[in-house]
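There are 2 protein chains.
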Amino acid sequence: MPGRKRPRQTKRDKRRLDIRDVAKHARVSIATVSRTINRVPTVDKQLAERVWKSIGELNYFPNTQARALVSGRTRLLGLLISEITNPFFPELIQGFEEIAVANGYEILIGSTNYDLARMSVCIRRMLERHVEGVAVMTFGIEQPLLAELSSRDIPMVFVDSGPPSPLVRALIVDYRKGIREGVQHLAALGHRKISFVSGPLRQRSSQLRKAAFIESMEELGIRPDANWLIEGDHTLEGGMHAMELLLSLRDLPTAVMCSNDMTAIGGLRVLARAGLRVPDDMSVIGFDDIHLAEFVYPPLTTVRMSRNDLARGAFESLRSIAENHAPPQQRHWTIPTKLIVRQSTSYPPGSALSGSALGKRSNSSKSTRASSRNKAIKTARRKPADD
Amino acid sequence: MPGRKRPRQTKRDKRRLDIRDVAKHARVSIATVSRTINRVPTVDKQLAERVWKSIGELNYFPNTQARALVSGRTRLLGLLISEITNPFFPELIQGFEEIAVANGYEILIGSTNYDLARMSVCIRRMLERHVEGVAVMTFGIEQPLLAELSSRDIPMVFVDSGPPSPLVRALIVDYRKGIREGVQHLAALGHRKISFVSGPLRQRSSQLRKAAFIESMEELGIRPDANWLIEGDHTLEGGMHAMELLLSLRDLPTAVMCSNDMTAIGGLRVLARAGLRVPDDMSVIGFDDIHLAEFVYPPLTTVRMSRNDLARGAFESLRSIAENHAPPQQRHWTIPTKLIVRQSTSYPPGSALSGSALGKRSNSSKSTRASSRNKAIKTARRKPADD
DNA sequence: TTTTCTTCGGCAAACGTTTACTGGAACTTT
DNA sequence: AAAGTTCCAGTAAACGTTTGCCGAAGAAAA
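Line order of the protein sequences matches chains A and B.
With this note's numbering applied, the first sequence corresponds to residues -4 to 382, in that order.
With this note's numbering applied, the second sequence corresponds to residues -4 to 382, in that order.
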């Protein structure tokens, strides 16, 4: 059987640059090249230098798939978000990408669009590509996840939810602090009639924000009117609907706090359309401090939750599990929040201070705050959606 | 030398599910399993069925790295964008991700942030992961790209720029049509004093948009005032600056056309802050039709360039090269544009029609359009940045 | 000098697929 | 019936790395 061993003809004539080419060029074995690249400390200084030089001259870089195949490390991280169209997420992605790339990782993004089927596709994609960990930034723990990923021992990090497994970490956002600051800021300005537009309440994070609001109010001895507690959906449209609902009420609040900035911005639009001025007629506070918040009119007072903190926390958690850095590591990572005061908040209309305070800002109308407000509200009610 | 052949001890005791496991379970060879999975038509119906059944029962899926390593096909596509923070891009990403995933591809996103060093890092990342093609949606052909990617025979697709190589395709956006519609819309309303805020002129796409504007104007016999041709940078802040600049002019235009929506939205903010009403005092048109455009106040009249068309065009181009579908394929892919009229455009102030037309929309002020406009402009000039 | 450690480069075995060949069985053709 | 053909499942050679093991060379100990 001599014909057997005939080397099988290779299909590609134009081979890519190979670790063997580098080895030949540097006059060492491929093992040494590999060890040099991976910075194994036992390689001789001189040899290493020669190898690096060859690598540079040949402009070689290792094949990621081959590497991953044998080492079992793909250096791939999954990032699961709810919708990339919501400005909050691109900012998060940016931060995550930056830190991941700086550490030699690549990221795989999956948008679930709040849809379980899509989510399951995302999980599958990540499983197939053998991610080393998944950051679930979807603000709601969906169960199928845990099953599929956990069963394959994939590290995960969630927002707002505890670690039921040693391979899971949690990012704990300190909603309380920021929201409390917001409520106290409003109270200090004289507001007592404060509304809260929450996110979708099936999300744990929405519940927590709402709870923090109610708690902060009660701390001040204010019991928020149930009519002023509205469930939104964290979208612009949702914010618009919520504000329309609010404006249709007989008894209006003087300030609205929103569970995220998009909601607040939607509210701002409806207020503008209805002829109500912010903050003269109504104060508005958002949450997140997305980039846009600074550029709406008026610039939005909001609670900042840093996307970079979130990104860094997620990355470090994942890495610490994947690379086995300190196994009994802290299982939580706290994300601070902080009130950023801009110009969407001021004294409530009709307050003793409001006239003078507001006077500085706008002086084109001679009617009093209160009367102009009432007039605008009446107008808004008469034609709620004229455009 | 008998000790030689002792099977080397494998490091992982808990192996992942393997093609061999499936083969054993289905009582066929691994080759048959592989062929079944890849839908090679020569496998026997019965066997194939048995294999699929085993795959299902075991919940097996192939290892992407191993696959890529031997087949040379990573099923990875690079998507190069300028900044993920600009709402235009997430919408593009969404479309691209959707179509790519539907076709079994994965995408690698790289944001250049208009920075050449970052761009080069992105290219490197894509090279290392062996993408099968790169969609360069950065709206400006940067040279280092062509060098590195072309030299490695990576297919590419650009926006607005011809194919210098058989591995490059171009997405040709029909700026002319949409912009012409915009200009004619304004002209029909009676505007003659129209400003254009362009994007950064080092980008070819910005130049094309501007050229289309000028051409459309000249077609109507209007020669735009050089003072009204402003170079922006396609950001919100840039739009604000541009509008401030415009408002500081002695002779103001009655309408502003912007090279993208973010610029227009920035302009809207400045106008609102200055007390000028849109469209009563000034008409504004954007470009892109990003999601947000519909939700600003007033809803923005804009030229739609579909992100989905762009995404689909980019993907199909790349795939046709990578998979060698029809080598002498069309080298271009045309993206249509179309004017979407919303409420940021109306008759110019002071026009015979403007009073009655505007009356429908707002009736709180009794002064004429023209006088209120002048007053507001004076105010805006006096304190250009009071907040 | 001889023996025992150390060090550190090289050899070659994985890693989990794809796919060029091979060869047996079932058909066709002569 | 013999000789081709065709069809298709199986065998094993890549793919480009990492890394366990081995052994040569030098250092240290005896």
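Ideal Cβ positions, reconstructed from N, Cα and C, are used throughout, including at glycine.
Listed in chain order, the alpha helix (DSSP H) elements of length 4 or more contained wholly in the segment 79 to 123 of chain A are 83 to 97, 111 to 123. A:N58 and A:V168 have their C-alpha atoms some 39 Å from each other. Annotation for A:W47: T31 place their beta carbon closer than 8 Å to its own, counting only its chain and skipping 5 residues before and after. Shortest Cα-Cα distance from B:V178 to any of B:D148, B:Q198, B:N81, B:E213 involves B:E213.
Within chain B, Y292 have C-beta atoms less than 7 Å from the C-beta of A:R268, given in sequence order. Proximity of A:R124 to chain B, defined by a Cβ-Cβ separation below 8 Å, is satisfied. For B:S211, the enclosing alpha helix (DSSP H) stretches over residues 199 to 214. Contact check between the segment 297 to 305 of chain B and the segment 324 to 332 of chain B: three or more CB pairs, one atom from each, fall below 8 Å, which counts as touching.
Where A:G345 is concerned, there is no enclosing beta strand (DSSP E), because DSSP gives it neither an H nor an E.
Three or more pairs of CB atoms, one per stretch, sit closer than 8 Å, so the segment 65 to 80 of chain B contacts the segment 97 to 108 of chain B. Counting C-beta pairs with one atom in each stretch, the segment 275 to 293 of chain A and the segment 249 to 263 of chain A have three or more that are closer than 8 Å, which means they touch. The residue from A:I14, A:G157, A:R120, A:D16 with its alpha-carbon nearest to that of A:L144 is A:R120. B:L53 places its beta carbon less than 8 Å from that of B:D16. For the segment 239 to 312 of chain A, the continuous beta strand (DSSP E) assignments of 3+ residues that do not extend past its boundaries occur at 250 to 253, 278 to 283, 296 to 300, in sequence order. Contact of B:E239 with chain A is not assigned, every C-beta pair being separated by 8 Å or more. Within the same chain, Cβ atoms closer than 7 Å to the Cβ of A:C117 are found at L75, G105, T107, the five residues on either side in sequence being excluded. A:L271 is the residue among A:L271, A:R264, A:T230 whose C-alpha sits nearest the C-alpha of A:L247.
Annotated as distal: B:L334 and B:E86, with beta-carbon spacing of 8 Å or more.
Membership of B:A18 in the alpha helix (DSSP H) is indicated by the continuous run 14 to 21.
The beta carbon of A:L203 is closer than 8 Å to those of D155, V168, Y170 in its chain, skipping five residues each way along the sequence. For A:G233 against A:G261, the beta-carbon gap comes to about 7 Å, under 8 Å, which counts as contact. Listed along the chain, the chain A residues whose CB falls inside 9 Å of the CB of B:F56 are R119, L122, E123.
Under a 10 Å Cβ-count criterion, A:Q198 is classified as buried, with 16 or more other Cβ atoms of the shown protein chains found around its own Cβ. Residues of chain A with a Cβ closer than 9 Å to the Cβ of B:A130 do not exist; the shortest Cβ-Cβ separation is about 15 Å. Listed along the chain, the chain B residues whose CB falls inside 8 Å of the CB of A:S106 are Q89, E92. Among the CB atoms of chain A, one or more fall inside 8 Å of the CB of B:I79. F56, P57, N58, T59, Q60, A61, A63, L64, G67, T69: these are the residues of the segment 48 to 77 of chain B whose beta carbon lies less than 8 Å from some beta carbon of chain A, given in chain order. A check of alpha carbon separations from B:H236 across B:R307, B:A250, B:R264, B:A221 identifies B:R264 as the nearest. Interface criterion not met: the Cβ of A:E226 is under 8 Å from no Cβ in chain B. Across the segment 229 to 259 of chain A, CB contacts with chain B closer than 8 Å involve L231, E232, M235, in sequence order along the chain.
In terms of CA proximity to A:E210, A:I174 leads the group A:I174, A:S193, A:A183. Contact annotation for B:E101 against chain A: L103, R120, E123, R124 [CB-CB distance below 9 Å, chain order]. Here DSSP, grouped into helix, strand and coil, assigns A:H236 to helix. A:L12 places its beta carbon 8 Å or farther from that of A:T27.
For A:I76, DSSP records a beta bridge to A:S106. Secondary structure at B:R171: helix, using DSSP grouped into helix, strand and coil.
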